[in-house]
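Counting in our numbering, the sequence shown runs from 8 upward without gaps. A virtual CB, placed ideally from N, CA and C, is assigned to each residue, including glycine.
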Amino acid sequence: MKKVREKVLYQGRWLAVKQLEYLSDDKKQILWESITRKNTRKILVILAKLKPSNRYILIKQFRPSINNTVIGFPAGLGETDDIQKEALKEI
8 MKKVREKVLY QGRWLAVKQL EYLSDDKKQI LWESITRKNT RKILVILAKL KPSNRYILIK
68 QFRPSINNTV IGFPAGLGET DDIQKEALKE I
């Protein structure tokens with residue numbers, strides 16, 4: 008597949024909605040919608056294991072986009088170049 012075009016359908020403060028156009032190997036047009044973050048320079052995902060219990064830290068939080076609660080690893084968008092400081096902030 009080859010990407011032919013990218014069109015921004017909506018651009019907000021944090022996200023952009025795009026329509027991507029691809030051409031398949033058999034020359035068929037394929038349209039795809041995607042959502043991208045505007046500030047993806049520094050993304051952190053932390054896999055924190057407690058000692059001596061060997062348990063992992065997980066975060067439970069409500070997500071408006073799916074109107075439900077999810078459980079996942081601590082993560083966030085870094086604001087500084089100090090990765091250790093950013094990771095501690097997320098935990």
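Query                                                                                                   : Result
Cβ pair TRP39, LEU27 closer than 9 Å                                                                    : yes
ILE50: CB within 8 Å of a non-hydrogen atom of the ligand FAD                                           : Annotation note on the ligand FAD: not contained in the displayed structure, which lists no ligands.
Alpha helix (DSSP H) runs wholly inside the region 14 to 97, at least 4 long, in chain order            : 90 to 97
Same chain, Cβ closer than 6 Å to LYS10, five either side skipped, listed in chain order                : TYR29
Distance between LYS67 and ILE73 (C-alpha atoms, nearest Å)                                             : 14 Å
Inter-stretch contact (C-beta, 8 Å, three-pair minimum) for the region 77 to 84 and the region 45 to 55 : yes
Test item: CB-CB of SER41 and LYS25 under 9 Å                                                           : yes
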